[in-house]
Every structure is written in structure tokens, then in C-alpha cells.
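Residue numbers (UniProt numbering): 1 to 1247.
Just so you know, even glycine gets a beta-carbon here, dropped at the ideal spot from N, CA and C.
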């Protein structure tokens, strides 16, 4: 179906005779609701007429709460008209969610206003129900669907379009008269609105039944249901709206509106007589009401005509003829009255006419008089006094002696006079002539003391007179206050007394009177203080005068005389102070010149106590202190110089005495303190050295020191060198030890005692390697040794060499016992053989290492039993066993255990990959690489992780937290659905990029999936895209696109974000991804999306608030560089959609969160933010889903973190895509020192 000038997007709803579509009006590029009559309706003219009539009715009703019609036409046999598109949902939807009472009252009032406009145009809607009340985006309610509306006039243009015998409307909301086919007037719409009102308050219908007939009977007969106690204040309004009889309802929509306003203002009246608006049956005469407080005329079919009062002006003969005619008609009239009384409704009880004042009726009273009395009273009750008097006159004409009729005539005339006086009193009230109005009221109350209108008016007049008196009293209070403020205390008290005579107890006047009295008393106290202060000044004690003034100022802080006197006293005191300070300054200067710095400073201190901020005193004080400091420093320097001289001369006593004198002048002088420390240190060292020498001399007397004790003696004396490396007495004693060793070596050589000489020379070499005789003695020793070496000795050396070789062989074969046995044999021949001793040490060290290795393995095996070791303890176990490798890098038992740890990690990687926990698997793989880099399964596992990593969109971990969702009222571009509110989200993962064409292609190829656009789901063709060069409508929407070719002006690339995908398509992709990987991927909730997009920011966009070139660094959006009007003032270098990740990320590492493509969320859109933004929509929900982020063609107002878009699950556009999300699971962490990235990417999320 093609409608010229419109592009149909999707069906919104279908009714009995027409279908409504969401369409775009091409010329104006605006969304509209297009109502098209169904082809079946062409079978009858009545359907066509009703359809046309609906368009005509809406066209003549111009009001904000009535849907606006744009166009009406027909084409190819289809009648259609376009209206404004109301995208805020229906009242039925809102009722399901629950509506606050305050908003309920606003909606009812606004719909009543719409009905008032319709009724004023003679249109009765006849189908008021929640489904026909829709909302604009700003929440404004709008009355729609005038398909069964009709006009009240009966003419050719408003012919009855309802089929004969049919009752049309919605049974749940129909009034009793509508459901029973009786004549209708506008009050039927008020009944239907009342049913809607009840349903809005309670979320239930007032009447429910299994069938339509039973439901109609309940509307006609069942009592009005009671509201719950919490809603009881609204019961009077409800009772009027859904009263069974039309005459018991509000007489008009305007009356209902005023009742709602009165309720809001707390002045609601519950009776039927609160409005003078009349509903009169067609053809009946209309008479204005006598008073706004009397009951309104009803819309009944009573055809009684008022008696023509014009007969009073006719000639006497004519009046007599009339009376004769009246007497002749009495019999007929009596009969007619009887018939009338039998057929008319039961009479209402007498009102305020005072019938109890009538004389008793005689037993034989004429029936005609009785009937006339009843008729007259009924007209009085309707405020029809002239008609009532005329009926009484007729009655008296037939029964001139009837006392009750004569008395009734007087009562009516009395009542009429009272009403006249009431009207005059109201008029005088309007002219603000209150006293005259009150006199009229008093006159009326003398006639009818209990007249409610007079009593109410008297109360109002009394209130206004009281208000006038109060105003007069307030005026006197203002004048009194002005006099008080001006210091005219007596005038203020006189005015206050005058006001209190008018209105005793007036709080403001009482306060002014009290204030004037207190002010007068304060003034007297001030004068007394002034006199006392003057006496002190005359006595030369200004300080006493100052004390008196300050005490007086506490009571009168603003008194000018006190303030002036205080200033004068202060000036006098200041002059005396300045004179004393000048004397002290001159005195201090003189003392400085005399070098008496201390006395000079004392004078300055006295002056500064008088004036702490005196600049010249402070300057002089600084100069004296500086001179004093220079003198002191010179003295200290002299003491230091003398003390250093005595120290160098080692006269510590004299040096210390000088130091103490210097420190007395400068206790913190660093050089003096350091010199004192040096003296103390030298004294302590000399004591220690003396003690060392004394001890060594006792232990090792050099006169007869055995050679074997020489080295021990050397070690003893060498302790002195640790305190003083140049200590001469110690060096002297060590020289003597060396000489004794040299002498022993020389004597041993002479005696050819080679071993004894060698031992002495060895010690001499250790103690005094530069001894003057050592070289010659060594030469003599070698010569003697060579001389004494025999063939037996050479054989012994060969044997030792053989033992050494065999021992090394056994050592290499790790037979330490055999090796040690051979070493012992060799040492028996050559005890000092260095090679044998070194090999023995190596064996001992290896045995010690093996014991340590055994301890390490035993400890690690206990801490980390490999049979049931948790994977998270693998690295701790590795660190434990790695301690063994520090001792022996090739230790086989340790390597065997580490290999088992590698197997444990490899199994964990495989398990994680099967669960599609890629990040965790990657961490475990990094641990395996760090522990066992040559593990046989490492290469294949690395390949598997890389494969899964490239196959699935990358995610970032977003730590949970709370944030302010929505936008402040001051944000530029803000929409009404961005209410700021606090939201908390749990930790989750979010795709770092939007899902790419390559990733979606893998899914489509694997499953053969065809998107909603490819299958034309939802009655929509293809995917909507902007067509730049379309001949009919440049840059208009066209539906030729799909995900493989969303744009004919740019080739589709694998790294482009996939678009032309509906919400349903995104769910299909995620379902496949979860089946293939065992994952639990989903779309983000609307709250998660905004939390991640903001990335901790509170600005309009995560890069700031300003409209500047920052936008082109972070987002692909509408920019000035590509000719977008009102775009961002920069050039982002992208004409259409950009490859994923082309722009800088937000602070949490997420790319393209704003711009490039709109992104689906999993949440239902709710304009009021009532919680759906924090959860995913049910899978079977068809409500609109929230879209976020803006796209490449979006401007600044929509490229905002808080901006919300929405569309139905089956909709698809070339600028809409999605990104994946899922709940977060704990990550494995690499230990310190092993956090290298195995796959060359950053694993982990925002931490």
C-alpha cells in the first residue's frame, strides 16, 4: 500500500474500520500517525461516512489535549488522514505501572478540558477510555479516536451514523444511558471519564462481569464503589462523575474542572448547586437562575411553561376575563394537575421557604388549593419566584379565602425581597462598600434569620471588615516603626497606642510600643553615661572614661554621641601613647650608641608592649639584635680558634675550657660542639688503646714469646689498628714479634730444621710481608729445601697426585664416600696438599647443599601436595621449589615437581578455554610460560588462546559502583526523560569495541542466519538508511540497505561496526556466541551503558562540556568539517561510519561509546526511570528498547552520555549496532615479576 507523500514505517494498531501506521511525512520530514480506512469498510457507506466524519470532527477541535490532524485525502480507494504521532504510550500502559494521585488529578483535569472544548462544539466523544488517551513525549495527555463521536445537532450534516439498534462504545466505560440506548448529552463523557478516574486511582474497574449485558446492568443498578480509606478524599468527586442519573452528575466539563481546582485549593463543594451552568432539553425555554447559590436547572423533559407575567399590564376588563376563564378552567386544571402529579417525579422536600410558618390546613380544604400550594413550593425550590407567585395568585383566584395560600404568598414575597437584598449586598460588596452591604444583610436576616446565603455573606463581610481593621492597624504599625527608626520615640508610642485601640493585642504594634519604651530608657541611660565619662575626662583619667563608654555602648551600640565621645577619648589616649613611645625610642637609640644593648632592648620591649606594630621600634630592635649578634659571633670565633690551637697541641683541658666559654655565648654552635666531640672521641680511643696494649702485654710477653704464639700476639695487637691505624706503640710491638720470627727462621735454617724454618717464615709472611729480612730468608729456605729433597720425597708426591686423580673421578661420579677415602690417604702423605684439601671442602659443600635441597623439597611437599593442589597456589608452589634450583639448577627431583605444576596449569588453561573464560585462561597461560617455558603443551595452548581471543570481541572489566544517572537541568540539549537519580551497578564486562562486520559475518556464515531486514520482519521493508543522492528525496530515508551493504557510498569493511541489525538480530548473535563458547554474553543494561560511557565523569560527554575540537578526537559524529549544520566545530576525517577503534578511548579504555553507531541496550525504555534501566527486558516483551550513544550523523544535542533514544525490537537502521556485555567473574592474577603479556595485549579491565 502506497500513500502519496508518506513513507509507512510500521503498524501501530488496528481497529474495526481502520489501521493506524507510524509514517514519515516526506515533505516535512516528520513522524506522523497515519490512519487508513480498511478495504472492507468500502462495503458500506456508513463506515466511509463515519471515517470522514471523524476527520472533520478532529479538524474543528483545536486544543493542546486533543490530537492534531494534519491532512485528509483518499487515493486508490483508500481514505486516510494523518495526525500527530504520540510516542509516549497510552494511559492504559501507565495504569498498569501505577500513577501517582497528583498526576492522576492533572490528567483528569486536562482530559476534562479537552471534553469541554468538544462539548462546546457540540461533539460528544462517546468512547472515553484509557486506550484512547495517549501521551506526547513530554508526558502531556491527549484525547484521540473520535471514530464514534457524534454532534448534538440534528441536521443533514450530522446524520446518525450508528446502525439502527446498535449500541457502540466500550462497555466497561459506558454510562447507563449509553448502554441502554437512551438519548445522550455531554454528561455521558463525564461518566466514562469518571470510570477512568476510578481505574487510575485503584488500577481496577468499578464494575466487572462475565458478559456485556451483566456489565451494563451493574453500571445501571449497582451502587458506586467506595475508594480505599487512603483515597477517601476523592470519593465526592467520583460520586458526582459516575452518578447513575445524568442530572446527579456534574452539569458540564467546566463544572468538573472547577471542582478539581477547588479540591486542589481545599474549597471543594459536594452539592449539586455549586454552578449556575444549565443543561436544558432541546426546545425548552431557558431562564437565568435567580442566584448563583441556587440549584441548577436539570436536563429533564419537564415541559411546564412559566406563566406569562405580562398579564399584569392588561386592562381591568381583560384581567377579569382572564379570571373568569381561569374559573372555568379550574375543573380541567385540577384534573390536569392530578395527571401531572401522577406522572412527574416525586417532589423534592421543601427548602428554606419556611412552610412550618403556614397556618394549619382546615380538614375540608379544597383539593385545588392543595395542588396549587405544592406547585408553588416546587417553583420556589427552583428559585422561580415569579412563576411561584403567579401560581399562588391563580390559587387565590379559585380559593380567595385560603389562609395557607395567602400566608404562602407573603412568605414567597418575603423570600423574594430577601434575595433582592442579598443581590444588593453582593453588589455593594463588589464595590467594597462593606458597611452598607452588612446593613443589607442585617435587614435580610431580620426577615429570614437562618438564610444560608445571608449568613455566609455576613461571615465574609465580617472577615473583610476584620481584614480592613487589621490593615489599618498594620498601617499605624508601619508609621510607628518609621518614627521609632527615626528616633521619635514619643510619636512612635502615640501611634502604637492608637493602633492598639483599633486592634488590641496586635503583635507588631505591641512590639513597636515596647521598642519605643526601651529606646527611651536607653536614651536616658546614654545621657547619664555621657555625663559620667565627661567627669572622668575632666579628671584626667581617659581610661576610666573609656570603660564607662564601652559599657554604655553594649546597651546602645549605635548611639552617635557615645561613638563620637569614644573616638575623642581614643584620640587623647593615642596622643599620650605616641609621646611615651617616642621617649622610649630616643632612650633606646642612646643606649645602643653606648653599647648597652640589653638596656636598649628593654626600653624597646616596653614600647612594643604599648604598640606591638610600631615600625621604627621594630627596626631599631632588629638593628640592636644584629649588632649584639655580630659581637657575640666574633667572640665565639675567637674561642673556637684558640680551642683548635690547644687541640692540635693535644692540650685537651685548655681546649675544653675555651669551648665551654664559646658555648656559653652560642650553645648550638656546630663547630664548637664538633670539636668537643672530637676531644671526647680522642680521649675514649686513647683509653681503649692503652687497655688493648696492657692486655696484650700481659698475654704475650715479648721477651720470651714462643714462635707458635707469634700470630696470636699479632692478632691481639692488631686490634689497636682498628681504633688508630697509625698507633705507634702497637706498631712497635708488632715489629718486635716480626724480628723474633725472623730470628727463629734464621736459627732453624742454620740447624737445617726445614719444617721449623718454614713455619716461622709462613707466620712472618702473614704478619710482616714487607719485613726487610723476609726475602733473603725465603731464598735460604728454598735452597735448603731443594738440597734436602730426595727421591723418596718425589715418589711420595707422585702417590699424592694419584690419590687426587682417583678422588676427583669418584667425586664426578657422586661417590663421595670413595672420594673422601682417597683424599684421606693422600693427606696422610701430604697433610698440607692444597688440592686435596680443596676437593674435601667441595665434597662437604655438596653434602651440605644436598641436605638443604632435601629440606626444601620436604618443606614444599608438605606445603603444596601436588596430588590435590589448587591452581591458584601453583605459582606459590613454583616459587617454593625454585629455591632449590638456586642451589642446584639441574636438581632432577625439583625439575620433576615443577613439570607437574606445568601440567596442572596446562589442564587449567584447557578447562578455562572450554568455559570461554579467555582472560583467565590467558593469565594461567602466562603463569605456565613463566614457570615451564619449554612445556610440551605450551605451543598448542598458546595457539588456542590466540584463536579464541581473535574470535570473540574484546571486553574490559568495569568495576561496579554508584553514579548519578541522567543529566542536570542546566545541561545543554537536555530532554525531559533524563531525570537525575542515583544508580549502583555491579562489576561487569563490556565490549571494548562495537561488534564488527567480521564478527557478525562469522555468525551468519556459521548458522545461515538472515536478519530481520533480510526477512522484512514486522511489516517493514529492509533496513532504513540515509540516501545521499536519492533523486526523489536527497538525504531521505530509504529501505534498500542490509548489514552486508548498509551504505552504497562506502564499501563495507570487516573492521566496520556491524549495522542494520535489530535488537532481535543482536539477541540471535549473542545466543549463538553463548552456545559456541559456553559463555553468558548479553547486551548491557541502560544503566551499565551510561556508567561505562561516563567512565567516572560528570560532564556532558566523557571528554568535557565544551563544544570544541575535542569531539573529533573521541567520536565519529556530525561535524562542521563535513558540512553538518550545527555539528561539532571540527573535522573528524570520517564521512560515514568509521572502523572500530578509530578514535581515542574514554578513561576506562572503551572506544566509540559516543558516536559512530547507536547501540542497543537490553533494557526497556521508560521515560520516568522507574527501574527498568537497571535490568534486561523480558524476552517476550515487545516494548521499545533503549538506544544509547549517538551515531556518525548525530549532533551535539544527542552525542551526550545521558541522551536516550528508543525503538522497537524489530526496527533496524544503518546507523544502529551493538556491543557485548556479561557479568564479571574474578580474574586470576600473575604474581609480581611475572606479569609479562604473552599475547601482546592488555588483559584485564578497569581496576
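My understanding is that residue i touches residue j, with C-beta atoms under 8 Å, so please give their C-beta distance in whole angstroms.
| i | j | result |
| --- | --- | --- |
| residue 1253 | residue 1184 | Outside the shown range of the chain (1 to 1247) lies residue 1253, about which nothing can therefore be said. |
| residue 721 | residue 712 | With 8 Å as the limit, residue 721 and residue 712 do not qualify as a contact, their Cβ atoms being about 16 Å apart. |
| residue 1161 | residue 1202 | Actually they do not touch by this definition, with Cβ atoms about 14 Å apart. |
| residue 643 | residue 655 | 5 Å |
| residue 603 | residue 584 | 5 Å |
| residue 99 | residue 200 | 5 Å |
| residue 987 | residue 959 | 5 Å |
| residue 1176 | residue 1085 | 6 Å |
Looking at the secondary structure, which residues open and close the alpha helix (DSSP H) in which residue i lies?
| i | result |
| --- | --- |
| residue 263 | 253 to 265 |
| residue 458 | 452 to 485 |
| residue 1018 | Per DSSP, residue 1018 belongs to no alpha helix (DSSP H) and is neither H nor E. |
| residue 639 | 615 to 648 |
| residue 142 | Premise fails: residue 142 lies in the beta strand (DSSP E), 141 to 143, not in any alpha helix (DSSP H). |
| residue 1074 | 1063 to 1077 |
| residue 490 | 489 to 502 |
| residue 197 | 187 to 202 |
| residue 601 | 597 to 610 |
Sort out for me which residues DSSP pairs residue i with in a bridge.
| i | result |
| --- | --- |
| residue 989 | 957 and 1222 |
| residue 83 | 33 and 69 |
| residue 104 | Partner(s): none; residue 104 has no beta bridge. |
| residue 723 | Paired residues: none, contrary to the question. |
| residue 1024 | 1213 |
| residue 962 | 984 |
| residue 20 | 13 and 35 |
| residue 6 | 25 |
| residue 78 | 75 |
| residue 878 | DSSP, once it has assigned bridges, lists no residue as partnering residue 878. |
| residue 1128 | 1119 |
| residue 1057 | 996 |
| residue 1045 | 1042 |
From which residue to which residue does the beta strand (DSSP E) around residue i run?
| i | result |
| --- | --- |
| residue 1160 | 1158 to 1164 |
| residue 1040 | 1036 to 1041 |
| residue 1000 | Residue 1000 -> not in any beta strand (DSSP E); alpha helix (DSSP H) instead, spanning 997 to 1007. |
| residue 1187 | 1185 to 1188 |
| residue 847 | Note, residue 847: premise wrong, no beta strand (DSSP E); alpha helix (DSSP H) at 834 to 863. |
| residue 823 | It is not in any beta strand (DSSP E) - residue 823 instead sits in the alpha helix (DSSP H) that spans 816 to 829. |
| residue 134 | 133 to 135 |
| residue 1206 | 1205 to 1207 |
On the CB-based measure, 16 or more other CB atoms within 10 Å of its CB, does residue i come out buried or exposed?
| i | result |
| --- | --- |
| residue 931 | buried |
| residue 35 | buried |
| residue 1028 | exposed |
| residue 241 | buried |
| residue 965 | buried |
| residue 155 | Residue confidence is low: residue 155 scores 40 on pLDDT, short of 50, so the model does not pin down where it sits. Its coordinate-derived value is still stated next. Burial call: exposed. |
| residue 453 | buried |
| residue 33 | buried |
| residue 274 | Low local confidence applies: a pLDDT of 33 at residue 274 is under 50, so the model's placement there is unreliable, with the coordinate-based value given in what follows. Per the 10 Å Cβ criterion, buried. |
| residue 17 | buried |
| residue 502 | exposed |
| residue 53 | buried |
| residue 324 | Model confidence at residue 324 stands at a pLDDT of 28, short of 50, so the residue's coordinates are unreliable; what they give is reported in the following sentence. Residue 324 is exposed by the Cβ-count criterion. |
When you measure from the CB of residue i to every non-hydrogen atom of the ligand PLP, does any distance come out below 7 Å?
| i | result |
| --- | --- |
| residue 1173 | In the structure on display, the ligand PLP does not appear, and there are no ligands present to speak of. |
Task: Length at least 4, wholly inside the segment 511 to 591: the alpha helix (DSSP H) runs in chain order - done: Counting whole runs of 4 or more residues, the segment 511 to 591 contains the alpha helix (DSSP H) stretches 542 to 555.
TODO: Mind listing, in chain order, the continuous alpha helix (DSSP H) runs of no fewer than 4 residues lying wholly within the segment 660 to 740?
DONE: 670 to 699 and 710 to 723
Task: Secondary structure, alpha helix (DSSP H): runs of 4+ residues fully inside the segment 369 to 421 - done: 385 to 398
Open item on the list: In chain order, what are the residue ranges of uninterrupted alpha helix (DSSP H) at least 4 long that sit wholly in the segment 912 to 953?
Closed with: 918 to 931 and 938 to 951
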